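Counting in this note's numbering, the final residue of the sequence shown is number 735, and the numbers go up one at a time with none missing.
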Amino acid sequence: MLTAEEKICAIRACRGVKPISQLTAYDYPTARLLDEAGVDMLLVGDSLGMMVLGFPDTTSVTLQHMLHHTAAVARAQTKALLVADMPIHTYDTPEQALESARALVEVGAEAVKLEGGCAVEPMIRAIVQAGIPVQAHIGLLPQHIKEDGGYRMRGKSESEAHALSDDLQAVTRAGAFSVVIECTRAEVAAQLTAAASVITIGIGAGHGTCDGEVQVFHDLVRYFPWFTPRFAVQHADLADSITSATQKWIAGLLLPGQK
Ligand code: KIV
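Rendered as structure tokens:
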């Protein structure tokens, strides 16, 4: 079993050699299956709020939820690096950020992810200085969707593109090993990647624009058919398989004495 440091080193070595893959996993069997399939990084994303817990967005997710699901994923003892999301209001100050990150590491996270650029530079620095690897997250920030004007593409204007570049520099200065770039124009993601010294992971930011891509597993296999983002790639239809398996099982049930 490699250490988190060794896993990050191996992932860094992939930069520019092969695209780096990251998928969400919120439970033990998914984590094992994705790991056995060869994914580089797993993310216990706070998207579990919608995908598993039935909330309308990620803002109701608590540290307790994240600890419960991170512990389940950690029991799979994956070769893939296990990154756990820090929910909203668990990193409002550097001290709180470190305490929350330590709690996630305690249950098995090998790195933590938090949303924001310049605004969270001191929080990232506090966590990294304590020896915990951080993946940053810039562009569209799902935890701030309400105040940030909804699900729209970021980096469309010159000033927004500049702000993204400032965010990238801030998280790099703070010591993040990687940054998720969500929902930006493809050209902006490509420019950020060209300028980056950290591993860039895109979502909704064009194909082949970043060092790798992350996707919500439920979107990949259509396990949450009620909403799928426009940019999601789908390679299986679990919703269909589950419905038809359930209907076949119901149809095959027998009453006592029936053959
Ligand atoms: O919570 C999550 O799943 C995420 C990804 C969309 C990057 O943050």
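From the three backbone atoms N, C-alpha and C, an ideal C-beta is built for every residue, glycine too. All values reported here derive from a predicted model rather than from experimental measurement.
Among the options, the one whose alpha carbon lies nearest that of residue i
i, options, result
"residue 546", "529, 518, 571, 666", "518"
"residue 697", "679, 718, 727", "718"
"residue 616", "609, 597, 636, 598", "636"
"residue 549", "514, 490, 503, 511", "503"
"residue 710", "725, 693, 726", "693"
"residue 593", "603, 574, 643", "643"
"residue 524", "596, 561, 575", "561"
"residue 543", "527, 683, 566", "566"
"residue 605", "678, 691, 573, 494", "573"
"residue 586", "533, 630, 666, 611", "611"
"residue 514", "481, 557, 540", "557"
"residue 591", "620, 703, 634", "620"
"residue 539", "522, 685, 553", "522"
"residue 631", "666, 569, 622", "666"
"residue 581", "569, 598, 568, 551", "551"
"residue 629", "622, 607, 660", "660"
"residue 569", "559, 600, 553, 541", "600"
"residue 495", "626, 699, 683", "683"
"residue 497", "678, 727, 730", "678"
Neighbour-count burial assignment, residue i, 16 or more Cβ in a 10 Å radius
i, result
"residue 658", "buried"
"residue 477", "exposed"
"residue 649", "exposed"
"residue 579", "buried"
"residue 584", "buried"
"residue 676", "buried"
"residue 669", "buried"
"residue 712", "exposed"
"residue 489", "exposed"
"residue 751", "In the structure displayed, the chain extends from 477 to 735; residue 751 sits before or after that span and is not available."
"residue 672", "buried"
"residue 520", "buried"
"residue 541", "buried"
"residue 559", "buried"
Proximity of residue i and residue j at Cβ, strictly below 7 Å
i, j, result
"residue 487", "residue 516", "yes"
"residue 602", "residue 588", "no"
"residue 624", "residue 555", "no"
"residue 537", "residue 563", "yes"
"residue 674", "residue 646", "no"
"residue 688", "residue 707", "no"
"residue 664", "residue 614", "no"
"residue 695", "residue 704", "yes"
"residue 701", "residue 715", "yes"
"residue 499", "residue 691", "yes"
"residue 598", "residue 534", "no"
"residue 501", "residue 609", "no"
Residue i CB to nearest heavy atom of the ligand KIV below 6 Å
i, result
"residue 523", "yes"
"residue 621", "no"
"residue 656", "yes"
"residue 687", "no"
"residue 506", "no"
"residue 500", "yes"
"residue 600", "no"
"residue 697", "no"
"residue 679", "yes"
"residue 588", "no"
"residue 692", "yes"
"residue 561", "yes"
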